[in-house]
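What follows is a single structure, written as structure tokens, with notes after it.
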Amino acid sequence: MKKRHISVLTAILIVVMLFAAFVMTGCEEKIIISEGSNHKVFQISEISGRDYLYEIYSDSGKLVERDTTFRIEPTITYHDDKLIEIKISVGTGFYYTHFYDREGDKFSESFDVLRAAAYGKIVYVSPIEDRWVLIVRDIFDETEYYKEFYLDFIKTADPYATIRLAEFIDEQNLRIVYVSGDEYDEIEAVLSLNPQ
């Protein structure tokens, strides 16, 4: 009977030591607090030494999304007082991005090959009829704003190779540098975002 009691104590001691080692070896947390309040905006915690748990909070402090990513820390950007961008890598250079509007308490759909985001719009490349097309649209509702640009992109299976740079100059103009033609020429253009 006494021998069994020592085994239980030994097991408890091992569990406590493992937990202490886990806590001491980089269980790092990033917590962002909303300006002007004491509510969290988002939190990223490293778990098990290689995976990450992220949490997104509403304007009232309610947890609205919790998920785990494997091996690669998610990139979460707090754009302004209401918009959170959540970027999840799939480990191959590709990533998926979605947004949360804290004021409107709503999530966007998930986008891949996202190149820029500002002024409530996003820029990404998508295949349409066997070619890459640059799309600019409202983050949450494409019926609010949606425009396609058919440019002479290089023929490639990698959509990231098509655009070197995309940045909003202002709300109505987008500057891009893209790769075109058999010689892989870099073309710079300013695209008007005025509705058609």
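Each step along the sequence shown adds one to the number in our numbering, with nothing skipped, and position 69 is 53. Cβ atoms here follow ideal geometry from the backbone N, Cα and C, with glycine treated the same way. Quick caveat: nothing in here was measured; it's all calculated off a predicted structure.
| Item | Value |
| --- | --- |
| Compute the Euclidean distance between the alpha carbons of Thr53 and Ile28, then round it to the nearest angstrom. | 10 Å |
| Just the C-alpha distance for Ile160 and Val107, rounded to the nearest angstrom, thanks. | 10 Å |
| For Phe26, count the other beta carbons within 10 Å of its own beta carbon; 16 or more makes it buried, fewer makes it exposed. Which is it? | buried |
| Quick check for students: name the residue ranges of the beta strand (DSSP E) that lie wholly in the stretch 114 to 171, counting only runs of 3 or more. | 115 to 122, 130 to 133, 147 to 154, 157 to 164 |
| Can you tell me which of Phe124, Phe95, Asp154 puts its alpha carbon nearest to the alpha carbon of Tyr79? | Phe95 |
| Are Ala102 and Ala150 close, meaning C-beta to C-beta below 8 Å? | no |
| With a 10 Å radius around its C-beta and 16 neighbouring C-beta atoms as the bar for buried, classify Thr81 as buried or exposed. | buried |
| Is the CB-CB distance between Pro192 and Val97 below 8 Å? | One cannot answer for residue 192 here, as it falls past the ends of the chain, which runs -15 to 180. |
| Are Leu175 and Phe133 close, meaning C-beta to C-beta below 8 Å? | yes |
| What did DSSP end up calling Leu177 once you bin it into helix, strand or coil? | coil |
| Whole beta strand (DSSP E) runs in the stretch 22 to 47 with 3 or more residues, listed along the chain? | 24 to 31, 35 to 41 |
| Grab the span of the beta strand (DSSP E) containing Asp65 for me, first residue to last. | Element bounds for Asp65: n/a, residue is neither H nor E. |
| For Ser73 versus Ile56, is the C-beta spacing smaller than 8 Å? | yes |
| Going by C-alpha to C-alpha distance, which of Pro179, Leu118, Ile147 sits closest to Tyr162? | Ile147 |
| Which residues mark the beginning and the end of the beta strand (DSSP E) in which Asp85 is found? | 79 to 85 |
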